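The opening residue of the sequence shown carries number 81 in our numbering; numbering runs sequentially from there.
All C-beta atoms in this analysis are idealised placements derived from N, C-alpha and C, irrespective of residue type, glycine included.
Please read these numbers as outputs of a predicted model, since none were measured by experiment.
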Amino acid sequence: MVSAALPFWIILKSRHQTDGVKRGFGLLFAPVAGFLLGKHLVVIAVPMLFAVIAGHQVELSFTVVDAHKWGDSKCRTPVQVEGVPMLFDEICRVPDDIRRELGPLHRIAVSGRGTSRGVFVESLRRID
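Below you can see the structure in the form of structure tokens.
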């Protein structure tokens, strides 16, 4: 809530420095942008920070959505899983021999440092 109100307040305080159209546009979209930023901070950044600080060796299971799509320069050999936030639904650098075994609805176990809310992947294996 604070992250949505702060940009709104800043725009109101700068009312003498902007014209009416820019100010109106800012007043409409600043709360939405602030809310999304704050939501992502709470939903994604806080659990990741907690996993780094207080995490331990864990193993989580996921369902594969797609293991055969082409990656991009950031993630060349991805395996897409369901049940995680959109920006974190791909596991990168998965060897091709493991990707060949996987298909939609297969279950995998991912292990690494983290918590029950997420894991920094060190290895994965098929479990069904």
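How about residue i and residue j: are their beta carbons less than 8 Å apart?
i    : j    : result
E139 : C155 : no
Q195 : G114 : Note on identity: in this sequence residue 195 is Thr, with Gln being the wrong assignment. Taking 8 Å as the Cβ cut-off, T195 and G114 do not qualify as a contacting pair.
R179 : H148 : yes
Could you tell me the alpha carbon to alpha carbon distance between residue i and residue j, rounded to whole angstroms?
i    : j    : result
I124 : I207 : 27 Å
L121 : L167 : 13 Å
V164 : D176 : 23 Å
F205 : G192 : Checking the displayed sequence, the identity of residue 205 turns out to be Arg instead of Phe. Computed Cα separation, rounded: 12 Å.
P127 : R173 : 23 Å
S203 : K119 : 29 Å
W260 : F130 : Residue 260 cannot be examined here, being either before or after the span of the chain that is shown, 81 to 208.
S153 : Q137 : 29 Å
Classify residue i as buried or exposed, calling it buried when 16 or more other Cβ atoms lie within 10 Å of its own Cβ.
i    : result
G198 : buried
I133 : exposed
L116 : exposed
P158 : buried
V161 : buried
V190 : buried
L185 : exposed
L182 : buried
Handout entry: the region 106-115 / the region 143-151 touching (three or more Cβ pairs under 8 Å)
Key = no
Exercise for the section: Could you name each continuous beta strand (DSSP E) segment of 3 residues or more that falls completely within the region 135-174, going from the start of the chain to the end? Expected result: 136-146 and 159-162
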